[in-house]
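Data block below; observations after.
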Amino acid sequence: MAKEEPLVKEIVPQSEDFSAWYISVIRKADLMDYAPVRGCIVFKPDGYELWEACQEGLNRRFKATGHRNAYFPTLVPESFFEKEKEHVEGFAPELPWVTEVGDEELEERLALRPTSETIIGHMYARWIKSYRDLPVLINQWANVFRWEKRTLPFLRTTEFLWQEGHTAHATEEEAREETLRMLEVYRDFVETDLAIPVIKGQKTPRERFAGAVETYSIEAMMKDGKAVQAGTSHYLGTNFAQGFGIQFLDRDNQLKYVHTTSWGVSTRLIGCLIMVHGDDRGLALPPKVAPTQVILIPIGPAKVRDQVVARAKELLQALQAAGVRARLDDRDEYSPGWKFAEYEMRGIPLRLELGPRDLEQNQVLAVRRDTGEKLPISQDGLVERVQALLEEIQATMFQKALAFREAHSYQAETLAELAGILQEKTGFVLAGWCGDDACEVKVKEETKATARNIPFDPPARMKRCLVCGREAQHTVWYARAY
RNA sequence: CGGGGUGUAGCGCAGUUUGGUAGCGCGCCUGCUUUGGGAGCAGGAGGCCCCGGGUUCAAAUCCCGGCACCCCGACCA
16 MAKEEPLVKE
26 IVPQSEDFSA
36 WYISVIRKAD
46 LMDYAPVRGC
56 IVFKPDGYEL
66 WEACQEGLNR
76 RFKATGHRNA
86 YFPTLVPESF
96 FEKEKEHVEG
106 FAPELPWVTE
116 VGDEELEERL
126 ALRPTSETII
136 GHMYARWIKS
146 YRDLPVLINQ
156 WANVFRWEKR
166 TLPFLRTTEF
176 LWQEGHTAHA
186 TEEEAREETL
196 RMLEVYRDFV
206 ETDLAIPVIK
216 GQKTPRERFA
226 GAVETYSIEA
236 MMKDGKAVQA
246 GTSHYLGTNF
256 AQGFGIQFLD
266 RDNQLKYVHT
276 TSWGVSTRLI
286 GCLIMVHGDD
296 RGLALPPKVA
306 PTQVILIPIG
316 PAKVRDQVVA
326 RAKELLQALQ
336 AAGVRARLDD
346 RDEYSPGWKF
356 AEYEMRGIPL
366 RLELGPRDLE
376 QNQVLAVRRD
386 TGEKLPISQD
396 GLVERVQALL
406 EEIQATMFQK
416 ALAFREAHSY
426 QAETLAELAG
436 ILQEKTGFVL
446 AGWCGDDACE
456 VKVKEETKAT
466 ARNIPFDPPA
476 RMKRCLVCGR
486 EAQHTVWYAR
496 AY
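Numbering of the first sequence is given in this note's numbering, commencing with residue 16 and proceeding in unit increments.
Structural data, given as structure tokens:
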């Protein structure tokens with residue numbers, strides 16, 4: 016296991032103050048900076064590259080499932096929001112408006128989109144005429160705006176980056192399949208690439224997206240035991256189709272409304288990545304999405320330096336030629352020890368140290384970010400060994416995160432039990448629910464925990480509602496959430 | 001949006017109570033020595049003290065107003 020003494024003084028230990036730890040890590044690792052408008056952040060290159068890695072992993076999967084990217088405008092006419100009642104009520108309080116241009120007032124206010132269901136619904140109505148036009152499978156990468164009262168870098172910002180998929184189908188069955196297919200795409204991406212274990216499940220009606228028939232989510236546990244909704248997928252029924260008149264003529268010559276879905280993940284994933292894998296030394300990035308996977312550090316006094324660096328460059332080229340994202344830090348102005356701490360703080364998965372002793376013995380010293388293990392490895396077959404190590408690190412990080420989640424998961428029969436657990440510990444609590452909204456509200460009022468989701472695959476079936484004691488209709492994960 | 005806290009050099013902070021030359025550590029620059037877990041010595045640069053008003057001979061400091069960030073709450077795909 017890695018020793019977790021904070022070598023970087025400015026990083027506040029997690030155990031002392033988790034929020035302060037989070038802020039200090041993202042600043043120290045140079046992922047973002049605050050912008051002049053409240054709640055808005057700049058994604059600096061090291062932070063933005065994490066988002067680019069997410070885009071690559073998701074685009075590959077979206078395209079494999081038949082989706083294509085497109086782009087719709089940021090500005091949405093006010094009248095569009097009135098076409099789906101629940102939708103407008105859900106977003107009204109957090110919409111920013113463009114009301115004038117120059118010194119002339121606009122005839123109709125324009126909202127900065129909080130999501131694109133309405134404008135896309137409008138366009139789909141023009142594009143879809145026949146069953147032969149279906150399904151429409153479109154995704155867009157975009158910025159959206161939500162004027163939340165309380166912001167936190169990456170997890171909840173006024174303007175953020177996300178991806179929103181919008182599909183239209185001839186039948187309910189097909190749309191429901193799509194909704195679950197994309198939820199599974201998210202699970203696969205987040206677990207396989209980000210090494211974050213998630214819980215797939217269905218949202219309670221209270222937590223549903225404004226305007227959706229059903230909302231599903233994947234939920235992840237942060238190291239402070241709190242939950243983050245890492246992705247959502249919605250079956251929208253014909254709600255938006257009716258609001259925007261998206262109709263098609265079916266095989267049977269009947270005019271019908273399409274069934275639509277929407278699904279999204281955001282830059283919030285970056286926040287998850289940090290809070291799931293990070294420790295008192297800083298970030299820890301899973302190799303699959305780490306912009307730099309391997310950092311090579313030459314060591315040694317001036318007389319052997321040229322020799323060491325020359326060999327390091329050869330090894331670097333070999334790694335890069337094999338597709339490993341490796342970099343060499345041969346700057347002379349920083350000591351090796353400084354570089355060790357620096358790259359650990361930045362979360363680079365694997366460090367390779369090369370010094371005079373290594374040259375003599377035809378080896379390099381590999382140091383894993385996830386475990387702190389130091390492994391001398393031969394320069395012969397280095398590339399294969401490094402690739403294998405990166406895979407091991409990826410697997411170990413996922414297993415560690417899974418073990419953490421399991422160690423912080425509990426079950427409760429009663430509200431008092433749930434409250435007791437959350438008072439002493441942090442984590443997820445599995446409990447029964449009768450299906451009554453009042454009981455769900457009661458849990459929130461008493462414990463600040465919310466229903467995260469109704470898992471597809473719960474570890475146990477709970478028999479009684481933890482609030483009223485009636486027979487449970489569902490088994491629910493409760494947790495405090497970001 | 002309510003309660004609390006913070007805002008001084010790139011970063012972390014002291015100075016504010018009791019108004020009077022703007023400081024410390026790290027970082028940065030120059031030089032020499034160093035290099036296997038944030039190296040040492042010497043010299044040096046760097047400030048609209050968050051912003052706007054006010055009081056005063058004089059404001060980082062006192063008064064009024066605003067903004068931003070952090071924490072707690074309400075709100076929240």
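Backbone N, C-alpha and C fix where the C-beta goes; we use that ideal spot for every residue, glycine too.
Computed from a predicted structure; not experimentally measured.
- Within the DSSP bridge table, the entry for K389 names V382 as partners.
- Around the CB of R372, fewer than 16 other CB atoms lie within 10 Å, so the residue is classed as exposed.
- Here A299 is buried: its Cβ has 16 or more other Cβ atoms, across all protein chains shown, within 10 Å.
- A residue is called buried when at least 16 other Cβ atoms come within 10 angstroms of its Cβ; E188 does not meet this threshold and is exposed.
- In the displayed model, S30 falls within coil according to three-state DSSP, outside both helix and strand.
- Counting along the chain, the unbroken alpha helix (DSSP H) around S94 starts and ends at 93 to 96.
- Scanning T133, L167, T465 for the CA closest to the CA of T282 turns up L167.
- The secondary-structure analysis by DSSP pairs P470 across a beta bridge with G216.
- Listed in chain order, the non-local C-beta contacts of G447 below 7 Å within the same chain comprise M477, K478, R479, C480, L481, A487, T490, local neighbours out to five positions each way being set aside.
- Proximity to L152 across N254, K78, R342 peaks at K78, based on C-alpha coordinates.
- Distance from the Cα of P88 is smallest, within the candidate group S131, R495, L46, for S131.
- Of the residues A403, D385, S34, Y146, the one whose Cα lies closest to the Cα of Q414 is D385.
- In this model, E406 and R366 are separated by some 14 Å (Cα to Cα).
- Bounds of any beta strand (DSSP E) do not take in L481, whose DSSP letter is neither H nor E.
- Contact between R75 and A242 does not hold, since the beta-carbon distance rounds to 27 Å and is not under 8 Å.
- Closest in alpha carbon position to R485, among T429, P351, A494, is T429.
- Within the region 292 to 360, the complete beta strand (DSSP E) runs of at least 3 residues fall at 309 to 313, 341 to 343.
- Under the criterion of beta carbons closer than 8 Å, A305 and V398 do not qualify as touching, at roughly 17 Å.
- The criterion of a C-beta distance shorter than 9 Å is not satisfied by D347 and K354.
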